[in-house]
Amino acid sequence: MRIGHGRGLAGRMLLAGLASLGIPALCAAGAADLAGRWSGTTDQDGRPVPVVLELAAAQPGRAAGEVRFGQPYQCKLPLTLAAAEGGATRFALGSSNGGKCAPYALGSLTATAGTGGALQVALAQVNGKPGPVATLTAGDGTASTAAVAGTYKGSYRKQNGATIPFTLTVKPAGLGKPAGTVEFAAPESCRNELEFSGPAASGALVLTPTNSNGGPCGTYTLGTLALSGSAAGLRAVMTRQDRSQAFDTTVSP
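As structure tokens, then:
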């Protein structure tokens, strides 16, 4: 039963109790209405970062889920239902597990219904300084690498003139999920696993290189591999963690 439309003695008593605490009765209903998984991305200087918001129906002051960020943030924050006012539902953020989430510990997350069933979310630090914003959709999101899934061959030329062949394997994957590998031949002789971070504003699909086995691939870890084009031939742009470009080349099946 939605608290905002409670009937009978029990409903009136609960509404009165919330009012006596100065808490809008809508907040419990808002949390119930939003319960479930929401997925999307936030923007970090032009690169997408996966965001997953897990919400559960909760009473004010009770645990209501968590917000998680994919690579390169790879962190999460627990949520406590605070209030719902003016069409927005506000959650208090708890302690983070470190990393990029640390500045937002004890801050807030505000969720507002958008158009087409989307959910607009915004984080803020405890001092009110604004943080990441994202547009989320219900479920696991629609972004995927399925359209470019396959195995590709390519090469790039280093500054010293050496040509480095590599093999790119892309698997169908949703946001924040393992999406394949990139393996470089000698003299690089290294590899990275890949995670799908989402589409960039340009339309390119952005993968984040993760676990490497050392060598030059260590500099690619938490950089980006942007893919554009079609499965018949992809443009592949690798950017290192320090944001310098490693190569811009074309790969083919």
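Numbering (mature numbering (1 follows the signal peptide of the UniProt record, and there is no 0)), first residue to last: -28 to -1, 1 to 225. Beta carbons are placed, not taken as given, at the ideal position from N, Cα and C, and that holds for glycine.
Closest Cα partner of residue i within the set the options
i	options	result
G37	D15, Q43, Y45 and F63	F63
residue 235	T52, Q213, A7 and T61	Only positions -28 to 225 of the chain appear in the structure, and residue 235 is not among them; the question remains open.
V21	Q213, F168 and C189	F168
G148	A60, E165 and V154	E165
T14	V105, N132 and F219	V105
S174	T109, P188, G100 and R207	R207
Y45	L27, T153, C162 and Q16	Q16
A218	V209, P225 and S224	V209
R19	T196, G187 and A56	T196
T202	S224, T182, P181 and L194	Per the sequence shown, the amino acid found at residue 202 is Ser instead of Thr. Checked all of S224, T182, P181 and L194; the closest Cα to S202 is S224.
G103	S116, T180, G79 and A115	G79
T221	G187, N132, I136 and L194	I136
N132	F138, T117, P159 and T139	P159
S161	Y76, L179 and T139	T139
T180	V24, T117, A77 and L25	T117
A77	G100, E57 and V178	G100
Environment of residue i [buried if 16+ CB atoms lie within 10 Å]
i	result
R40	buried
G126	buried
V98	exposed
P150	exposed
Same chain, Cβ closer than 7 Å to residue i, five either side skipped, listed in chain order
i	result
A176	A198, L199 and S200
T107	G12, G86, A90 and Q92
K130	I136
L187	According to the sequence displayed, residue 187 carries Gly and not Leu. Once the five neighbours on either side are set aside, the close Cβ partners of G187 are E160, S161 and C162.
Contacting residues, own chain, Cβ-Cβ under 8 Å from residue i (five flanking each side not counted)
i	result
C47	R40, F41, S68, N69, G70, G71, K72, C73 and A74
T109	W10, S11, G12, G89, A90 and L91
R163	T153, V154, E155, F156, S184, N185 and C189
L6	L27, T61, A83 and L91
T182	Q43, N164, E165, L166, E167, T193 and L194
A204	S224 and P225
A134	P159
Beta-carbon proximity check, residue i vs residue j, cutoff 7 Å
i	j	result
A119	K143	no
T84	A60	yes
T191	R212	yes
D112	G152	no
P171	A115	yes
Cutoff 6 Å; reference residue i; Cβ partners in own chain excluding five residues on either side
i	result
T123	T141
T82	A60, R62 and A94
P50	E38 and G66
Y128	I136, F219 and T221
V24	S11 and R40
Start-end ranges of the beta strand (DSSP E) lying completely within the segment 105 to 171, minimum 3 residues: 122 to 129, 135 to 142, 150 to 156 and 162 to 171
If we require 3 or more residues per run, which beta strand (DSSP E) segments fall completely within the segment 45 to 72? 47 to 57 and 60 to 65
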